[in-house]
Every structure is written in structure tokens, then in C-alpha cells.
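Chains as they are written, first to last, in our numbering: chain A, 405 to 808; chain B, 3 to 185.
Quick look at the structure:
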């Protein structure tokens, strides 16, 4: 967005609570790699020029990438400026930070969708003898006591964390709710390559049937590993992880209860993956590429044992619980009435109903790729154009920085 | 071209209701009720009539009646299905209704849908013979036969989506707090 605002000669600042790429520096586990290949992190006027376009960046490499981009575009970043509150004032917005106040005509909220790790309601029933960590707090298996680990949640975070903890010698039970299975490689190429080429990632928010539903879909169960292997539930079963249903509750005497819906959760996911691969196959056929790429294939169905456990005694078998149950944004500082009853910002493709207030970087904001690094550019171009015409039509007396 | 898919489900009305309840979530709070009276032995007679929803008491045109009992091998009169069979009926009919609604929404014409449902139970639990055996079902199997204008994967997706949205499926696969009082 900063780059697009500069292109339009719109005076602006970028406020950052810590150092550039703060959440990547402070809220990621050690072994995490980006879920999208290097070539796919394309930002306005910037792309990958190294010798491993198909690799997946490590966390230090992601930090370096973002810092380098900020430098390349000379983004006017004010680091260590934590926004304390934002409210509407006559001609724009008053932004209070711990480093002083800013007045601005327009404001773009780009603080992300993953500020607070969500955990189920039963966390207060967890026996005291058990340590709990969110995926945001987890760093590596050495943090954990020896013994069993219950990982709750089987999307990208949960499956990766379950894999690495189980391989550290701590037997893992993985509670599986809704998730979306996806092969890392398909017909000789990265799944992201196909989704990009076939236009799936460019699908617009105003062209899908039910955007509310599309925005709630869990992210793909992908991992970025050097060997480009698929980390699905079958891969976890193969190394000895025990799959159970969604965590339904914890009883007063410390027994974790799991839903009896594991088989259907896996069936839904397998079917959804099948539809995505069908779509890719159709695109290959329509573009006459059948001879030049590998033939279609399907992964075997997710294996579910005949009677998965419906409960375990936490005090007996489990020393640690990891909550990998998703994230939500933190708008505790936002004093503008744009939140819906679930605490999320109401918006139309990033344009809120408060004039001059915009949102970026959320799931399916304007396109299916909106929450990816690769999606930021197109959304920023659209929203900066809207912002530019808003400024042109609106007399505003508080230029960025003027009221500081 | 098969233009008018008709499974007898008014999907437009359901979607309109969904939109209305999204805007007025209080009206989405329902209370379902039944009344039960002991007759003799294990025989009881239950009735279902009113319920609460859309912000007010709702009346039906008629009262539905159910007799429950146990079979003769339990030394009972067998004048009605056993309560656990009502649970199976509830699950099968909920999933089947869901299949019809999802099929209508996805523009899939159904020709026939039949299900058989079977619950495994070790009655050492209810008889108090072995406290390690649970009272309820150890597992439930539902088998669908569906004839419809759709590919096998699409039919499987109907059945999967129906489970995802089914109230009774949720009730039997997840714990529920139950409060029983004597007044």
C-alpha cells in the first residue's frame, strides 16, 4: 500500500509497533517456512531474483524480504510506534500512538488477521499439571516436557507442529476439525502454481456465491518443506500420530472429549480436494497441456481407524496441549463503529462504511489470494485508487503528520 | 435440459430465512419440546406439539404422538419402538432431510433416497453388569442408497454436507449438558 500511495504522490506514514516484520520476528515457530514458493511473493515492482524460485522461505528469509522491500520502496515506516486508539474526527481520523498523535484524512488498517490466537471455550478446564501453548507461543519441541502432547487443530499450523513434536519423541494426539487437505505437488508442479495459473487465486470477492462463507474457509493444510512433501493426515498417521475428532469439551475430572465426526471431517476435506484437482485437470485440458505435464493422479482417501478414541484422560497421558485453532484480529484500539457482531470489520472489498477507512490483508478481502503476500499488490492498487478518489472529493485539513 | 429441479424443498424460503436471521439473530433462538407420560411397565406415551422460535410460541395444526416401549425379549409388551430406535429415526430423518435440502440448493434432482441405520450396543452397560461398558451406542452406521442426476462424488458431497449441517448428527457426535429436575 505504501508503494501504491507513493506512486500516486499521496503523503503518508506507515506505523509499526515493533521492528519491520514484527509478527514474523516474534510470533512464529522456529522451523516454519512460508507456505507459498519464493517466486510467488510478488509485490508491486518487486519479485524474487534468487536461484531457488521453487523453495519456501524460512522465517529469517521472510523478515529479510519484507525489510528489503521497505528499503527498496523507501517506505516511510515509523517503527516502535504502537497505535493506542483510532477515532473519527471532523475531517478524518485521530491516531493516538505511544509516540504521539497523528491526524490523517484516510487510514488503511493492515494489522492482519492473526493478532490473537483463538482457543476453544474449554481451556479453563485443562488440569493444572498440563502446560498449554498457542501456535503463536510455540517455538520448538525443546520447550515441552517429555511425554504426550495433544495438538488441537489440523490446518497448516496444527499439522506442522504435530509432525515436528511427534518426531521429537513426544507421542502426539491430533484433534481434527474442519480442514482443507491439499497436495504440495500436483502433476509435477507446486499446487500454488496451478491455483495461480488457473485463476483460482484471482477469483474476486464479488464473483463468488457466498463471500461470507469463502472468508471463513480454513486455510490450506500445506507445509513448505525442502523436500516439497505433502503433510496431510495420512502422512501423520504413517509416523504414528493418533487422529481424534474435534475437541468437544473437557469434563470436570479432566477427560478430553472428542466429537464422533472425524470420518465426515476427513470425507468433506477429501471431496473438497478432489474438486480443486478436477478444476486443475479441466484447466490443463482446456489449455492443451495434457501432453506436456505429468498425468493426473489422486491421493488415497484419508485413513480413519474404525473407532477413533472419543476421549482421553489428560492427567494420565498428556503433558502439553497446543492450541492450533486459528486466529482473530485485535481491534481493541479501533474506536470507529465498523465492527460486526462477531467483532470483525464490515467492509466491501476492503472499503469500510466509515469514509476514508480501509482494510487490507484479510482472508478473501478482494480476491482469494488477499491474505497471501502475493495478494497484497493487486488489493493495494485497487484500494489506493479508491482512496485517491476519496481524497480528491473530500476537503481534508489534516495532512499526514500535520497534527503531530 | 433439466431446468426445474424439484425435491420439494423451498430453498428460496430457507435462504430468505437465513438472511433475515443473520440480521436478527435473536429470532434464531428456538426451543424444541416434547411431553412424556408413563403408561405401564416400560411403555410411555409422548406428544409433540408447540415449540418456540422466531421470537414467539409456535403452534402446529396437529399433535404428534409416539409410543415407546421395549421388545418382548426384555419382558416388555412391545407396544412401541424402543427409545434408542427413536434416536436412530431422529438421526436418519435429519440426515435425509438435509440431503434433500442440500441437493435442491446444488440443483441436483433426487429420484430416490433410502437409508438403513444400525447402532451397536453392548447391553451389559444398561444392565449394570460391567461398568466399563457404556450405556449408549458404541457406534452407529448409516448406509445411503441414492439415485440422483449427479456424479458419485457429488452425491458423496451431499451426504457429507448434510452431516456437517445436521442437528441430530451434532447431538449424537458431541456431548450435551443435560439437566433433569423433579418439580
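The beta carbon of each residue, even a glycine, is placed where N, CA and C say it ideally should be. Given the structure is predicted, the values throughout are model-derived calculations rather than measurements.
Item                                                                                                                                                                                                                 : Value
Please go through the same chain and pick out, in chain order, the residues whose beta-carbon is closer than 6 angstroms to the beta-carbon of residue 170 (chain B), but skip the five residues on each side of it. : 92, 93, 96
Between the C-alpha atoms of residue 411 (chain A) and residue 765 (chain A), what's the straight-line distance to the nearest angstrom?                                                                             : 20 angstroms
Looking at chain A, is there any beta carbon in it that lies within less than 8 angstroms of the beta carbon of residue 8 (chain B)?                                                                                 : no
Which full runs of the alpha helix (DSSP H) of 4+ residues lie inside the stretch 152–184 of chain B, going along the chain?                                                                                         : 154–166, 169–175
Cβ atoms of residue 783 (chain A) and residue 772 (chain A): under 8 angstroms apart, would you say?                                                                                                                 : no
Please report the residue range of the alpha helix (DSSP H) in which residue 781 (chain A) lies.                                                                                                                     : 777–797
Can you check which of these residues, B:25, B:148, B:165, is closest to residue 669 (chain A) by C-alpha distance?                                                                                                  : B:165
On the DSSP bridge assignment, give the partners of residue 662 (chain A) in chain order.                                                                                                                            : A:651
With 7 angstroms as the C-beta to C-beta threshold (strictly closer), list the residues of the stretch 664–683 of chain A near chain B in chain order.                                                               : 664, 665, 668, 671, 672, 675, 678
In chain B, which residues lie less than 7 angstroms from residue 653 (chain A) when you measure between Cβ atoms?                                                                                                   : 177
Expressed to the nearest angstrom, what Euclidean distance is found between the alpha-carbon atoms of residue 3 (chain B) and residue 138 (chain B)?                                                                 : Residue confidence for residue 3 (chain B) is low, a pLDDT of 40 falling below 50, so the modelled location carries little weight; the figure read from the coordinates is stated next. C-alpha separation (whole angstroms): 48 angstroms.
Hey, residue 436 (chain A) and residue 463 (chain A) are a contact pair by Cβ (cut 8 angstroms); roughly how many whole angstroms apart?                                                                             : 6 angstroms
Touching or not, the stretch 732–746 of chain A and the stretch 487–502 of chain A, by the rule of three or more beta carbon pairs under 8 angstroms?                                                                : yes
Where do the N-terminal and C-terminal ends of the beta strand (DSSP E) with residue 38 (chain B) fall, by residue?                                                                                                  : 37–42
When DSSP builds the beta bridges, which residues end up paired with residue 55 (chain B)?                                                                                                                           : B:58
Would you mind telling me which residues of chain A sit closer than 7 angstroms to residue 159 (chain B), beta carbon to beta carbon, in chain order?                                                                : 675
List the residues of chain A whose Cβ lies closer than 9 angstroms to the Cβ of residue 36 (chain B), in chain order.                                                                                                : The contacting residues do not exist; residue 36 (chain B) stays about 24 angstroms from chain A at best.
Just to confirm before moving on: does the CB-CB distance between residue 681 (chain A) and residue 702 (chain A) stay below 8 angstroms?                                                                            : yes
Is the Cβ of residue 60 (chain B) closer than 8 angstroms to any Cβ of chain A?                                                                                                                                      : no
Buried or exposed: which applies to residue 60 (chain B), given that a residue is buried once 16 or more other Cβ atoms fall within 10 Å of its Cβ?                                                                  : exposed
So, is residue 518 (chain A) buried or exposed, given that buried needs 16 or more other C-beta atoms within 10 angstroms?                                                                                           : buried
Is the Cβ of residue 808 (chain A) closer than 8 angstroms to any Cβ of chain B?                                                                                                                                     : Low confidence applies to residue 808 (chain A): its pLDDT is 41, below 50, so where it sits in the model is not reliable enough to give any reading.
Measuring CA to CA, which of B:156, B:78, B:71 is closest to residue 104 (chain B)?                                                                                                                                  : B:156
Cα separation between residue 640 (chain A) and residue 24 (chain B)?                                                                                                                                                : 38 angstroms
Based on Cα-Cα distance, which residue from B:43, B:62, B:135 lies nearest to residue 49 (chain B)?                                                                                                                  : B:62
If I follow the unbroken alpha helix (DSSP H) through residue 104 (chain B), where does it start and stop?                                                                                                           : 85–107
In chain order, what are the residue ranges of uninterrupted beta strand (DSSP E) at least 3 long that sit wholly in the stretch 667–721 of chain A?                                                                 : 715–717
Hey, which unbroken runs of the beta strand (DSSP E) at 3 residues or more fall wholly within the stretch 437–496 of chain A?                                                                                        : 487–493
Look up residue 579 (chain A) in the DSSP assignment and say whether it is helix, strand or coil.                                                                                                                    : strand
Any C-beta of chain A within less than 9 angstroms: which residues of the stretch 129–143 of chain B qualify?                                                                                                        : 140, 141, 142
Measure the C-alpha to C-alpha separation of residue 604 (chain A) and residue 791 (chain A) and round it to an integer number of angstroms.                                                                         : 27 angstroms
In whole angstroms, what separates the C-alpha of residue 117 (chain B) from that of residue 101 (chain B)?                                                                                                          : 11 angstroms
Which residues of the stretch 711–731 of chain A have a Cβ closer than 7 angstroms to any Cβ of chain B? Give them in chain order.                                                                                   : 711
Is residue 129 (chain B) helix, strand or coil when you go by DSSP?                                                                                                                                                  : coil
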